[in-house]
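Engineer:
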Amino acid sequence: MLTTSTPTTGAEPAPAPLPTVAFEKTTLPNGLQVILVEDRRLPIVAVNIWYHVGPANEAPGLTGFAHLFEHLMFAQTRHIPRGMADRLLEGAGATDSNGGTGYDQTAYYDTVPSNQLELALWVHADRMGYLLDVIDHKALKNQQDVVRNERRQTVEEEPYGLVHEALAHALFPKGHPYYASIIGSHADIQNAKLEDVRQFFASYYGPNNASIVIAGDIDKAKTRALVERYFGSFRRSPPVARPKVVTPPITSERRVVVHDRIELPRVFMGWLTPPAYQPGDAELAVAAEILGGGKSSRLYKKLVYERQIAQDVDASQNSQGLTSTFVIDVTARPGHEAREIEAAIDLELAELREHGPSQREVERARNSLETALLSTIEKLGGDGLADQLNHYNQYTGDPGYLAKDVARLRQITPADVQRAVRTYLARQARAVVTGLPGKPVIDDPRVSKAKAPKAKPAAIEAINTPESWRAQQPKPGPAPRFTLPQGDSFKLANGLTVIHHHKPGIPLVSAELVVRSGSAANPDDLPGLAGFTAQMLEEGTATRSAPQIADEIAQLGAFLDTGSGADASTVALLSLRSTFAPALDILADVVLRPAFPTAEVERQRADRVGDLIQQRDDPEAVAAVAALGALYGSGHPKGYGQLGTEPAIRAVTRDDLVAFWRRHYVPENAALVVSGDIGRAELKALVEARFAAWPRGEAPAGGSADPAGTRARLVLVDQPGAAQTALRVGSIGVARDTDDFAALQVMNGALGGMFSSRLNNNLRETKGYTYGISSHFRYDRTPGPFVIAGSVQVESTGDSVREIFKEVNAMRNAPLSSAELTAARDAQVLSLPGAFETNADIGASLAEIFVYGLPLDYYARLPGQLSAVTAGQVQAAARKHLVPEKMVVVAVGDRKRILPQLQPLGLGSVEVRDSDGQLPPARP
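In this note's numbering, the protein residues as written are 6 to 929.
#1: Does the Cβ of His828 have 16 or more other Cβ atoms within 10 Å, making it buried, or fewer, making it exposed?
#2: Return the first residue and the last residue of the beta strand (DSSP E) that Asp566 is part of.
#3: Throw me the rounded Cβ distance for the Val888 and Val751 pair, which I believe falls under 8 angstroms.
#4: Taking the Cβ atom as the reference point for each residue, do Arg938 and Ala728 lie within a distance shorter than 8 angstroms?
#5: Assuming Arg830 is part of the alpha helix (DSSP H), what are its boundary residues?
#6: Can you tell me whether Lys643 is buried or exposed? The criterion is at least 16 other CB atoms within 10 Å of its CB, across all chains shown.
#7: So within the stretch 395-432, which uninterrupted alpha helix (DSSP H) runs reach at least 4 residues, ignoring any that extend past its ends?
#8: What's the gap between the Cα of Ala755 and the Cα of Lys689?
#9: Name the two residues that bound the continuous alpha helix (DSSP H) containing Leu851.
#10: Given Ala704, which residues of its chain have a CB within under 6 angstroms of its CB, disregarding the five upstream and five downstream residues?
#11: Which of helix, strand or coil does DSSP assign to Ala16?
#12: Once you ignore the five residues that flank Ala457 on each side, which residues in its own chain have a CB closer than 6 angstroms to its CB?
#13: Name the residue from Gly848, Ala281, Arg229 and Arg432 whose alpha carbon lies nearest to the alpha carbon of Gly352.
#14: How should Ala455 be labelled, buried or exposed, when 16 other C-beta atoms within 10 angstroms of its C-beta is the threshold for buried?
#15: Determine, using beta-carbon pairs with one atom in the stretch 47-61 and one in the stretch 109-118, whether at least three such pairs fall under 8 angstroms.
#16: May I have the straight-line CA-CA distance separating Gly299 from Asp319, to the nearest angstrom?
#17: What's the gap between the Cα of Val438 and the Cα of His169?
#18: Would you kindly report the start and end of the unbroken beta strand (DSSP E) that includes Trp276?
#19: Ignore the nearest five residues each way along the sequence and tell me which others in Val411's own chain have a CB closer than 8 angstroms to its CB.
#20: First and last residue of the beta strand (DSSP E) that includes Lys496?
#21: Does the beta-carbon of Phe70 have 16 or more other beta-carbons within 10 angstroms, so that it is buried, or is it exposed?
#22: Over what stretch of residues does the alpha helix (DSSP H) that includes Thr55 continue unbroken?
#23: What does the alpha-carbon distance come out to for the pair Pro48 and Pro483?
#24: Indicate the three-state DSSP secondary structure (helix, strand or coil) for Pro458 in the structure shown.
#25: Which runs of the alpha helix (DSSP H) fall wholly inside the stretch 301-380 and span at least 4 residues, in chain order?
#26: Assign Phe495 to buried or exposed, taking buried as 16 or more other Cβ atoms, counted over all protein chains shown, within 10 Å of its Cβ.
#27: Given 8 angstroms as the limit, is there contact between the stretch 715-724 and the stretch 765-774, that is, 3 or more CB pairs closer than that?
#28: Less than 8 angstroms between C-beta atoms, sequence neighbours within five positions excluded: which residues of the same chain meet that for Gly913?
#29: For Tyr113, write down the residues that DSSP places opposite it in a beta bridge.
#30: Please confirm whether Ser574 and Ser639 have their CB atoms less than 8 angstroms apart.
#31: Counting only the same chain and skipping the five closest in sequence on each side, list residues whose C-beta sits under 6 angstroms from that of Asp556.
#32: Under 8 angstroms between the Cβ atoms of Thr401 and Tyr305?
#33: Three-state secondary structure (DSSP) at Gln729?
#34: Mark Arg667 as exposed unless 16 or more other C-beta atoms lie within 10 angstroms of its C-beta, in which case mark it buried.
#35: Within this structure, are the beta carbons of Leu73 and Ile194 separated by less than 8 angstroms?
#36: Rounded to whole angstroms, how far is the Cβ of Pro790 from the Cβ of Leu662, which I believe are closer than 8 angstroms?
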């Protein structure tokens, strides 16, 4: 699939080979563009359809309509009843099954086992050909509710969501296709009529306005024949004229202030820039990386690291079809104001305009962008290879533009970047939107729940002729054979475990140093210590300062990250194959020789306090922390989030951090997991050279005290004026070594683990209370939490909790039907290959083997264990582990509006927690 070619350059040193993707592009007589990629790395196939329509094509007064229509495409079609497509695809093992709307296009995609390709084509074809035949008011009303819930959750309840939306309003005039957010306004979403839906479909959803990419384990000739069978008879829609919109330039600075439920000010600056793939676009992408691309960027170094006035920085060139935008956003550190941030940004911009970047800065930016681009095509589905080819096809007309894309990056010089910054990022040509703490202005008109009078639906003239054979679901082909990776393990003399998986094809390598100690190992009085320690590893070693680490990693085109979970702390590395050895040098250095400089400890202390303050702005995050505290209690290390508490952050000393590192970061307690384009012998030599001198140390004993959670069954965090209620319903679950693991996975899939699960079907698809709700078990070394999570309409909070318990009790009281059991079980088994697409996916799975002491052949045996689960075992697991009387309800929202709904549910007295999700200090 992926090949490389090196252009001849005479006497100059040869650059790294240019990557190319082998593809075949044809066009059916009805105009459908078909792009095929044969890639047999895994027995899976990605199906990705782009319709070349988005907000750029919306009619006035119908903002958000393209996105609303995307939702409607998942309703019933002529041959597939409502909800069946999701159930069939999930039961067939589909992963990355979803849709997405951009400003210029709408995408629908699934990744399926290769023997289920025909099923995916059947579903997508019936949407294209026969949605209009059966779309009705009921489907429209339901999805209007869902989309408005999505807006509340992702814009109005999302910290800075309203501020970001205001930036588009400031950059573009009213009526411009990019003025409104993609999701639109409540009023326009609600005002959409069924006739609008029909007209939109007839205008934009014909085959001649679409392209389909099929990438994976396929035979191209047979796949082409299937596409012709399922799509070839569809009629063309009227020719679609590409939007011709003139975007007026900004000739004087525009300034807006927006208040939001936030604590820290944030400054957004935006400019209008050249459209995607036009001159200046790539140069500005490099400029964005230089200004705000991680810890090696100018804004990070100056505002976050040196002056310590900013909490976080970002810069991006957002490439679109009509015009692009260049955006800088910076959040103030506690105690600093927006005007100080703005002045500091202006200084950096002036410096870049006046003197340009250095050659090294340009190289770092180009290398990082190239690695990120290669990592995108490592995955077939979702936003991976198939989507990237559709992207190239729409914007350049060439699905194989990858090599040209990399080449245009490599050609960029410092002078090019300086010229682009001077041309497009002028002070008078920008919009500045400042987000400040305060009461937000939200236009969210409520709609009466009274049922609309029944009316005889108007006759619909079908676009495509019904074909009786389409009513029959296609049968799967022969099941593909596949052995899940198990890794090749060896140990160094000092006890370090190395797990290796060789994955050639794309020149990338992923490495993860995992330590079998996480937040569960925190001292009782210092929650967050494990995460603080992991964070400090990147902040300086005996021979490298924090800025040197960041610069060296970026120069290599690599990415380094640290983190901590309940049972493990990790240092993760992604690099090109050609730079893996020097990148591994840096990983080894930060793990073996961290210096914990006092000045860096103080920097990261301030950073973690700032993160904690930002966490308070996010209702979902507050609900998650409050749920942990309610279930485990304040005396248990699992009773907190990874950040811990502000008193603990302020109390941690350098000695505490060094002591945690010395005790837990020892080779007997660690594994290096490597997956990618590197052989065993080469890897072993690299690891021996870098880790053999790591001193031995006794692995610390695990275990912690028993949970001592609240006796209350109702926990509330008051957020006056909240647009939604963030809910958590949960209890103490099970440990990773439970004998019920397979049965619980199947049971949870049916309850809330799948999109077509009982909970999501009830609360989203039927009731319209939520944008989405799910359930999951966190399997730790000691029992982890079981949680049902989602955000719901404020006025439906009580009803939502009632329905949640209804579904929990139903799971306990009756066995799954044969069809539901098969779907939930097959979804677990058949989706497993899709969970091993990327090196990072494989590394994470193999790291889990080490952390939880699983055998190396665990994944080889897992499909058989899941396939053997019976309905009786599922019900028994539900009765044993889903005990409603032991479940705690956590609600984060407007207390005055939600408490009266919750009190009649018989949950007893309410426990009130603060905005951090913690119990208020006891009064003396």
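Heads up, the beta-carbon is just placed ideally off N, CA and C, and yes, glycines get one too.
Structural biologist: For this structure:
#1: Looking at the sequence itself, residue 828 is Ala, so the reference to His does not match. Answer is buried; the Cβ neighbour count reaches 16.
#2: Per DSSP, Asp566 is one residue of the beta strand (DSSP E) stretching across Phe564 to Ser569.
#3: Cβ atoms of Val888 and Val751 stay farther apart than 8 angstroms, at about 19 angstroms.
#4: As displayed, the chain neither begins before 6 nor continues past 929, which places residue 938 out of reach and without an answer.
#5: Ser823 to Leu835 is the span of the alpha helix (DSSP H), which, as asked, contains Arg830.
#6: Residue burial is scored here from C-beta neighbours: Lys643 has at least 16 other C-beta atoms within 10 angstroms and is therefore classed as buried.
#7: Secondary structure in the stretch 395-432: the alpha helix (DSSP H) runs of 4 residues or longer, each lying completely within the stretch, are 407-415 and 419-429 in chain order.
#8: Distance between the alpha carbons of Ala755 and Lys689: 43 angstroms.
#9: Segment Asn844 to Val856, the alpha helix (DSSP H) holding Leu851.
#10: Cβ within range, chain order: Glu673 and Asn674.
#11: Because Ala16 sits at a pLDDT of 36, beneath the cut-off of 50, its placement in the model cannot be relied upon, and the point is left open.
#12: Model confidence at Ala457 stands at a pLDDT of 49, short of 50, so the residue's coordinates are unreliable; what they give is reported in the following sentence. The beta carbon of Ala457 sits closer than 6 angstroms to none of the beta carbons in its chain outside the five residues before and after it.
#13: The sequence as given places Leu at residue 352; Gly does not occur at that position. Of Gly848, Ala281, Arg229 and Arg432, the residue nearest in Cα terms is Arg432.
#14: Unreliable placement is indicated for Ala455, whose pLDDT of 47 sits below 50; the coordinate value is still reported in the next sentence. Exposed: under 16 other Cβ atoms inside 10 Å.
#15: When C-beta atoms of the stretch 47-61 are compared with those of the stretch 109-118, three or more pairs fall below 8 angstroms, so the two segments count as touching.
#16: Going by the C-alpha atoms only, they are around 8 angstroms apart.
#17: Roughly 8 angstroms separates the two Cα atoms.
#18: Per DSSP, the unbroken beta strand (DSSP E) holding Trp276 starts and ends at Arg271 to Thr278.
#19: Cβ contact annotation for Val411 (same chain, cutoff 8 angstroms, sequence separation greater than five): Leu23, Pro24, Glu375 and Leu378, in chain order.
#20: Per DSSP, Lys496 belongs to the beta strand (DSSP E) from Asp493 to Lys496.
#21: Phe70 counts as buried, since at least 16 other C-beta atoms from the protein chains shown sit within 10 angstroms of its C-beta.
#22: The displayed chain sequence assigns Trp, not Thr, to residue 55. Element bounds for Trp55: not the alpha helix (DSSP H) but the beta strand (DSSP E), Ile49 to Tyr56.
#23: If you take the alpha carbons of Pro48 and Pro483, they lie about 11 angstroms apart.
#24: Caution is warranted here: a pLDDT of 45 is assigned to Pro458, below 50, making its placement in the model unreliable, and the coordinate value is therefore given only provisionally. Here Pro458 sits in coil by DSSP.
#25: Entirely contained in the stretch 301-380, the alpha helix (DSSP H) runs reaching 4 residues are, in chain order, 343-360.
#26: Burial check for Phe495: the Cβ neighbour count within 10 Å stays below 16, so the residue is exposed.
#27: No, they do not touch.
#28: Taking Gly913 as the centre and dropping the five residues before and after it, the same chain places the C-beta of Ala717, Arg718 and Leu719 closer than 8 angstroms to its C-beta, in chain order.
#29: Looking at the DSSP assignment, Tyr113 forms a beta bridge with Ile54 and Gly104.
#30: Contact: no.
#31: Listed in chain order, the non-local C-beta contacts of Asp556 below 6 angstroms within the same chain comprise Ser301, local neighbours out to five positions each way being set aside.
#32: Contact: no.
#33: The three-state secondary structure of Gln729, taken from DSSP, is strand.
#34: Here Arg667 is exposed: its Cβ has fewer than 16 other Cβ atoms, across all protein chains shown, within 10 Å.
#35: Contact: yes.
#36: The Cβ separation is near 27 angstroms, so there is no contact.
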